[in-house]
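Protein sequence lines correspond, in order, to chains A and B.
Each residue of the first sequence is one higher than the last, beginning at 0 in numbering that gives the first Met the number 0.
Each residue of the second sequence is one higher than the last, beginning at 0 in numbering that gives the first Met the number 0.
All residues carry an ideal CB built from backbone N, CA and C; glycine is no exception.
Number of protein chains: 2
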Amino acid sequence: MAKKTTFNIDKDENFSEWYTDIVQKAELGDLRYNVKGFLVFQPWSVLSMEKMYHYLERELRRKGHKPYWFPTLIPKENFNLEGEHVKGFTPEVFWVTEGGKKKFKEKLALRPTSETAFYQMFSLWIRSYKDLPFKTYQRANIFRYETKATRPFLRSREFHWIETHCAHESEENAMEQVYQDMDTSKKILGDIFCLPFIVFERPEWDKFPGAKRTFAADVLNPDGKLVQQPSTHLLNQDFAKAFNVKFVDKNEKEKLVWLTCYGPAISRIFASIIAVHGDNKGLKFPWKIAPVQVIIVPINNDKKIIKKAEELRETLWDNKISVEVDKTEKTFGEKLYFWEMKGTPLRIELGNKEIQEKNLTIFRRDTEKKEKIKEKELLTYINKTSVDIDKNIKKQAENLFKGKITDTKTKKELKEIIDSGKIARCGFCSMNKDGTKCAELIEKETGAQVRGTRLDKEKNNFQKCVICGKKANHVTYVARQY
Amino acid sequence: MAKKTTFNIDKDENFSEWYTDIVQKAELGDLRYNVKGFLVFQPWSVLSMEKMYHYLERELRRKGHKPYWFPTLIPKENFNLEGEHVKGFTPEVFWVTEGGKKKFKEKLALRPTSETAFYQMFSLWIRSYKDLPFKTYQRANIFRYETKATRPFLRSREFHWIETHCAHESEENAMEQVYQDMDTSKKILGDIFCLPFIVFERPEWDKFPGAKRTFAADVLNPDGKLVQQPSTHLLNQDFAKAFNVKFVDKNEKEKLVWLTCYGPAISRIFASIIAVHGDNKGLKFPWKIAPVQVIIVPINNDKKIIKKAEELRETLWDNKISVEVDKTEKTFGEKLYFWEMKGTPLRIELGNKEIQEKNLTIFRRDTEKKEKIKEKELLTYINKTSVDIDKNIKKQAENLFKGKITDTKTKKELKEIIDSGKIARCGFCSMNKDGTKCAELIEKETGAQVRGTRLDKEKNNFQKCVICGKKANHVTYVARQY
């Protein structure tokens, strides 16, 4: 199978083709597995996602969450206990009905999310206010029999995530947890994965099944659609009631706990990393989550050059940098294109001249510029530059949102904004059930959704709801979503 | 629920009770989940198993394996392609038959192992000898509808493992991989998890379904039974044929690859870590995989003492040591027993006297001895002692095997040895199907199995097969197993 040596697709013009192609060319995932909607995750994505897990789990542990591994299978009866939840998830559940030759009396679900597994155990583990807050998390694979079109990483029938589940003494404490979850999103998605996002409180009709309040981070895709990334939920007390999760408070009174959960989907976030940071030449990884951070490309495979390359590799390896030497049979030119396409942040080009002069030629994927540095300054250079790369990648990503949000006061203009691949900002009547009709009308006419209200409160300069013309109690954002 | 403050069960006298109790008291796993044979893995085991994964994956990557995440679901048709494999695994498969309200035409298996998923993709990825060796691995959860009694960590219906799958040019190259896998077991299970084991080549009748040759590391449980830990297999070429995994060799001839696989089950190895290293007072963790390596126990919760404890914690934390301060409301004495039961390798006891004298009192779980050191020497002490702890724990574990292996030439003695909870070493006629009858007779009369021949060859001083009296072509070991 002959491979094109260069990757060059206009991402802005043809995002969908660009995305499909880069997933295949960079060997991120293989769709040819023979179960529909399931992806084989290949090393170039797994290496990055393992780093993503690392940073996210470290932050959760820093914040006092303890790790669990729960069973993948959840009995049907557990789902039935919470009405909204069963309604919300049952259409999407894969069911295990047989083991060996035995048919089970009751079906077992492949977890589509694990509230009903965790809270049943919470009722056994939590006794007193001294046990609270009870903060957990698990790294897990999740199954949803999606009826929407699947797309690698963004929406698969099996995906990889972290879910945190916490129990609290009061609604107030629970809301503190929700804010802390959003802080985790900011620190990890924002600062380390370099993804800009807006956090919305979702309207009544778009909450998680079983939640009292739902907050979610929306990332903007280059094609103008929003992607819902981590969401965090203050659950209503029906879950605590259903699973009998109670505690004895300081005054020896028995009370129901308040539950919160948070679900950063690593493989889905990876979709945004591909989509937001990539360019016409291919992928572009932020430093900390690059599968290979430094690629050393020898001008040719001469012994002396390879030896020097291996020396450099070891120095960098010892300093905990992910590094490889490209010793394949490709031409030098092919190698340069290849690693640009793969999105490796730094490339060291090594020939006899560099060895003699004790210099190194280094190419930065983010600026596409070459620099010459003294070999002995390599580590200092990398320490400094890696920070700069992330700043720059974040800034490039932030440009995406710029000019994409347009204010409007009319239904007609709203439709035009959405059709041009932008986000409309407008006045809206109500985020509880009174607003449902207006939201449905927007969806019907534009295919776009009311995302809710920003968590970072903004001034409401709108007088009227863009649809019904009644008082605008909220500023909202309207956009199409994946 | 009142908790006993001390854990004290005679492990040698009553291993089974000891094991069940420590799993519960140390909060390693909870069996009260409402699907039979499934365990909730709690933080104290997950923290350790995450470290186990870390060391194992690092070693595999060092050896050139690339990480994948394959789908959990495998179509039934994939299993049907390899006859022995389908026969071996079908009785143990959980089947997914429905998604949402839809019944599937063809059942999907929850992977009981992933050969039939990997090799189908190998056929798409491997083209030429230049692609070989093709070395992969995945970290995954595995499902087996076990008919044998389950036991936490040792045998559950869902467990956590690494599986490696590799393709090679020749049988010789494939066998090199098998030896490399055993080297990984030695470096990780042996040196880091401090578990002694013997590697056997399994007899014909006890091979992995689809293997030409099977090698496995047997760890000795304190009750005299063997536990099969990582096994590695040279597969017969039926798999390559069934999935059409071919390559073009240097002479442009198309050939079938040779496949190998290796399956260290992290959660099952954890069972051996509990069982082998623990003592009457509770768990005992090797340094590198201890959930908490150093516990700081303040004499009381006075501000000054807590402040100092937190200072020490931060110093250790910055040096990548897993450390905690026990600020609970337990008494000082209760805390000491608690952390001994939990198996934390080092305990720092901190009071006003220590702060004044700038000394620290340190308790070692492995030797059960206290030492007084200068505070400023803490890091040097830990660096030195952590190595010593692992050496000592390994040595204590090696004592288990000592005196447990007894030579015999008679059937009667063989039975006595097995009944006394020991391992019998004896002459044996044949490791291929000719020996099946003798092996079955042993199993019937003693409940024990012929484990095969040692990988590290030993001299055969036996003349005759212990059962049939024919020529002893092999030395073998006979023991009961889990």
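- Message: Run through chain A and tell me which residues come within less than 7 Å of B/T360, C-beta to C-beta.
- Response: Here the premise fails: no neighbours, minimum Cβ distance about 28 Å.
- Query: Do you know whose CA, among B/N382, B/L359, B/Y136 and B/T366, lies nearest B/E374's CA?
  - Reply: B/L359
- Query: In the structure shown, what three-state DSSP assignment does B/N398 receive?
  - Reply: helix
- Message: Tell me which residues share the same chain as B/D222 and place their Cβ nearer than 8 Å to its Cβ, disregarding the 5 neighbours each side in the sequence.
- Response: F14, S15 and G420
- Task: Report the residue ranges of all alpha helix (DSSP H) runs contained in full by the stretch 322–402 of chain B; include only those spanning at least 4 residues, in chain order.
- Result: 331–341, 351–356 and 377–400
- So, using beta-carbon positions, are A/I304 and A/G350 closer together than 9 Å? yes
- Mind the definition here: the stretch 17–25 of chain A touches the stretch 265–282 of chain A only if three or more C-beta pairs lie below 8 Å; say whether that holds. yes
- Opening and closing residue of the beta strand (DSSP E) in which A/V22 lies: Not the beta strand (DSSP E): A/V22 falls in the alpha helix (DSSP H), residues F14 to K24.
- Message: Please confirm whether B/G99 has its beta-carbon closer than 9 Å to some beta-carbon of chain A.
- Response: yes
- Item | Minimum length 3: unbroken beta strand (DSSP E) runs contained in the stretch 109–152 of chain A | 133–142
- Straight-line CA distance for B/T384 to B/K302? 30 Å
- Message: Can you tell me which residues form a DSSP beta bridge with B/W68?
- Response: A/F40
- Kindly list, in the order they appear in chain B, the residues whose Cβ is closer than 9 Å to that of A/L131. Result: empty, since nearest Cβ-Cβ is about 14 Å, beyond 9 Å.
- Message: Do B/S155 and B/G36 count as a contact pair if the criterion is CB distance below 9 Å?
- Response: yes
- Query: Quick one: is A/P70 near chain B, going by C-beta distance under 9 Å?
  - Reply: yes
- Message: Could you check whether the Cβ of A/Y144 sits closer than 9 Å to any Cβ belonging to chain B?
- Response: yes
- Task: Quick one: grab the DSSP three-state call for A/Y481.
- Result: coil
- Cut-off 7 Å between Cβ atoms - residues of its own chain near A/V177, not counting five sequence neighbours on either side: F214, T231, L233 and T259
- Message: Based on DSSP bridge pairs, tell me the residues matched to B/W94.
- Response: A/E97 and B/A108
- Query: In or out: A/D365 buried (at least 16 other Cβ within 10 Å) or exposed?
  - Reply: buried
- Message: Using a Cβ-Cβ cutoff of less than 6 Å, which residues in the same chain neighbour A/K50 once the five nearest sequence positions on both sides are dropped?
- Response: I288
- Message: Measuring only the C-alpha atoms, how far is A/A396 from A/A274?
- Response: 10 Å
- Under a CB-based cut-off of 9 Å, is B/T452 close to chain A? no
- Task: Check the Cβ of A/R31 against every Cβ in chain B and list those closer than 8 Å, keeping chain order.
- Result: M120 and L123
- Item | B/I361 beta carbon near the ligand MG (any heavy atom closer than 8 Å) | In the structure on display, the ligand MG does not appear, and there are no ligands present to speak of.
- Item | Contacts of A/L107 in chain B (Cβ-Cβ under 7 Å) | V34
- Span separating the alpha-carbon of A/M0 from that of A/P290: For A/M0, the pLDDT reaches just 40, beneath the cut-off of 50, and the residue's location in the model is therefore unreliable, leaving the point undetermined.
- Measure the C-alpha to C-alpha separation of B/Y54 and A/V247 and round it to an integer number of angstroms. 42 Å
- Query: Quick one: which chain B residues come within Cβ less than 7 Å of A/N140?
  - Reply: T71
- Message: Considering just the uninterrupted stretch of the beta strand (DSSP E) at A/E162, what are its terminal residues?
- Response: E157 to H167
- N-terminal and C-terminal residue of the alpha helix (DSSP H) that A/I406 is part of: According to the sequence provided, residue 406 of chain A is Asp. The question's Ile does not apply to it. Premise fails: A/D406 lies in the beta strand (DSSP E), I404 to D406, not in any alpha helix (DSSP H).
- Item | Start-end ranges of the beta strand (DSSP E) lying completely within the stretch 181–217 of chain B, minimum 3 residues | 197–200
- Task: Using only alpha-carbon positions, find the residue among A/A216, A/V474, A/I388 and A/I361 that is nearest to A/D482.
- Result: With chain A covering 0 to 481 only, the question about residue 482 of chain A has no answer from this structure.
- Message: Let's see if you can read the secondary structure: which residues bound the beta strand (DSSP E) around A/G426?
- Response: I422 to F427
- Message: Which same chain residues end up closer than 6 Å to A/K403 when comparing Cβ atoms and leaving out the 5 residues on each side of it in sequence?
- Response: K421 and I422
- Output, in chain order, the set of chain E residues within a Cβ distance shorter than 7 Å of B/F40. You won't find chain E in this structure, because its protein chains are A and B.
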